[in-house]
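Under our numbering, think of the first position of the sequence shown as 1, with each following residue one higher.
Each remark here refers to the structure printed beneath this line.
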Amino acid sequence: MKKFIIIFISILLTVTIVEKVYVSYKCRDINYAVKNYFTTGIFNKYKLCNMGDINMYFSNGTVAFIKVSGMSTKMPHEKLEYTVFIQKNARGVWKIKKVYPAQITLK
1 MKKFIIIFIS ILLTVTIVEK VYVSYKCRDI NYAVKNYFTT GIFNKYKLCN MGDINMYFSN
61 GTVAFIKVSG MSTKMPHEKL EYTVFIQKNA RGVWKIKKVY PAQITLK
């Protein structure tokens, strides 16, 4: 029984590490990074049921401001909009730094 538990934990750890590396590799694409952030995660308070529009307002290659809209996962599935500050790290992977509600606009 002990062997089974050790093998199960080893397989689970391996699968988790491979999945994290794969997502990190795919997040080199800015669209994938934004869609992945807003459509996945159990405890993500900005999670959307589906993505509507993704509009880039500013980008210089290392930082970007993007406006995202979509349907909420919570009932009654209202339309939500966010402005996202996203930054590229040294490995070329895009990371979400800050999410602003729709009331804040860029000028």
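All residues carry an ideal CB built from backbone N, CA and C; glycine is no exception.
Determine the closest residue to E81 out of S10, S69, I11 and Y100, with distance taken between C-alpha atoms.
For the residues S10, S69, I11 and Y100, the minimum Cα distance to E81 belongs to S69.
Is the number of C-beta pairs between the region 2-19 and the region 39-49 that are closer than 8 Å three or more?
Cβ pair count under 8 Å is below three, so no.
Only counting the same chain, and skipping five residues up and downstream in sequence, which positions put a Cβ closer than 6 Å to that of I30?
Closer than 6 Å at Cβ, skipping near neighbours: W94.
Between K3 and L12, what straight-line distance do the alpha-carbon atoms span, to the nearest angstrom?
Using only the alpha carbons, I get a separation of about 14 Å.
Among the residues of its own chain, which have a CB less than 7 Å from the CB of K67, if the five just before and after it don't count?
N55, Y57, E81 and T83.
What separation, rounded to the nearest whole angstrom, lies between the Cα atoms of T73 and V15?
Computed Cα separation, rounded: 27 Å.
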